[in-house]
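> Supplied in structure tokens, the structure appears directly below.
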Amino acid sequence: MSPLVGTGPQRSCIACRRTGDKGTLLRFVLAPDGTVTPDLEGKLPGRGAYLCQSRRCVQDAVAKRQFSRTFKGAAAEVDGPALTALLQQIMEQRISGYLALANKAGATVSGGEAIERSLKGAKLPRLLVLATDISPAIAEKLAGIAARSAVPVVKVLSKDVLGQLVGKESDRSAVAVMSDGFAQSLVKEIERYRNYLEEESGR
């Protein structure tokens, strides 16, 4: 996945050397013990190393020892599989976190009938989240209603996880997000997550 060049501060991917806005890249810093640490919020202190939002670039950076070069030999040995798995876990946690916060703020609707009503109501959802293991028939039905109302649709996380995030004991095939702010944050996080997994999934 190529970085997006814009008007913000520019950085180069240490693996493929493409240039992009800092906000479109994955940032890494060194922990006090030299461990290469993901900094997806871009707020941790210290020199940063940047990579595309791509599992392949992370793997290439490890294989070519680019972290050691960037941090001038101060980086500890990097376990490639562990780092790529950690990044995926962090991204999933961030998506889950925003959904949980939206639910806590009263900005979610779940349950098939409730979601259908919201998609046909006066106040439309700002985002419809479908579970990755939703039945094709339900997905087609909800996505069709959402499309007619111009509500964006994304597919991420499993039914059991969605159910837990909205405080339900049973699975949830879909969750409607009613807040602009939470919807925008989720779209950004989900886009990064999809970019990261792109080569693996073949999308």
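When we follow our numbering, the leftmost residue of the sequence shown carries the number 392, and every step to the right adds one. Glycine included, every Cβ here is placed at the ideal spot set by N, Cα and C.
(1) How would you write the range of the alpha helix (DSSP H) that R460 sits in, first residue to last?
(2) Is it a yes or a no for the region 477-493 touching the region 563-578, going by three-plus beta-carbon pairs under 8 Å?
(3) State the Cα-Cα distance for the pair R585 and A476, rounded to the nearest angstrom.
(4) Smallest Cα separation from R418: which of S403, S576 and G425?
(5) In this structure, how does DSSP classify R418 when only helix, strand and coil are distinguished?
(6) Taking G433 as the reference, give the member of L416, A522 and G425 with the closest Cα.
(7) CA-CA distance, A574 and G471?
(8) Take K514 and list the residues in its own chain whose beta-carbon comes closer than 8 Å to its own, dropping the five residues that flank it on each side.
(9) For K559, which three-state DSSP category applies?
(10) Helix, strand or coil for V566 per DSSP?
(11) If you follow the alpha helix (DSSP H) that G411 is in, where does it begin and where does it stop?
(12) So, with DSSP's three-state summary, where would you put A476?
(13) Can you give me the C-alpha to C-alpha distance between D451 and E507, rounded to a whole angstrom?
(14) What residue from F462, V449 and Q457 has the CA that sits closest to L478's CA?
(15) Taking just the CA atoms, how far does D412 sit from G437?
Answer, in terms of the structure:
(1) Working through the sequence shown from its first residue, we reach residue 460 at position 69. Under the DSSP assignment, R460 falls in the alpha helix (DSSP H) whose first and last residues are Q457 to T461.
(2) Flag = yes, the region 477-493 and the region 563-578 touch.
(3) The count along the sequence shown starts at 1 and reaches residue 585 at position 194. The count along the sequence shown starts at 1 and reaches residue 476 at position 85. Looking at the two C-alpha atoms, the distance is approximately 14 Å.
(4) Taking the sequence shown and counting its residues from 1, the one referred to as residue 418 is at position 27. When only C-alpha atoms are compared, the closest one is S403.
(5) Looking up residue 418 in the sequence shown gives position 27. R418: strand per DSSP, three-state reduction.
(6) Position 42 of the sequence shown, counting from 1, holds the residue named residue 433. Comparing alpha carbon positions, the residue from L416, A522 and G425 closest to G433 is L416.
(7) On the sequence shown, position 183 is the one that residue 574 refers to. On the sequence shown, position 80 is the one that residue 471 refers to. Cα atoms of A574 and G471: separation of roughly 32 Å, rounded to the nearest angstrom.
(8) Within the sequence shown, residue 514 is the residue found at index 123, counting from 1. Excluding positions up to five away in sequence, the list reads M569.
(9) Mapped onto the sequence shown, residue 559 falls at position 168. Shown here, K559 sits in coil according to DSSP, grouped into three states, outside any helix or strand.
(10) For this step, residue 566 is matched to residue 175 along the sequence shown. Secondary structure of V566 (DSSP, three-state): strand.
(11) By 1-based counting over the sequence shown, the position of residue 411 is 20. First-last for G411: T410 to D412, but that is the beta strand (DSSP E), not the alpha helix (DSSP H).
(12) Here residue 476 is taken as the residue at index 85 of the sequence shown, counted from 1. Helix, per DSSP.
(13) For the purposes of this step, residue 451 is taken as residue 60 along the sequence shown, with counting starting at 1. For the purposes of this step, residue 507 is taken as residue 116 along the sequence shown, with counting starting at 1. Their backbone Cα atoms lie some 45 Å apart in a straight line.
(14) Residue mapping note: residue 478 aligns to position 87 of the sequence shown, counting from 1. Cα-wise, what sits closest to L478 is V449.
(15) In the sequence shown, counting from the first residue as 1, residue 437 sits at position 46. In the sequence shown, counting from the first residue as 1, residue 412 sits at position 21. Rounded to whole angstroms, the gap between the alpha carbons of G437 and D412 is 18 Å.
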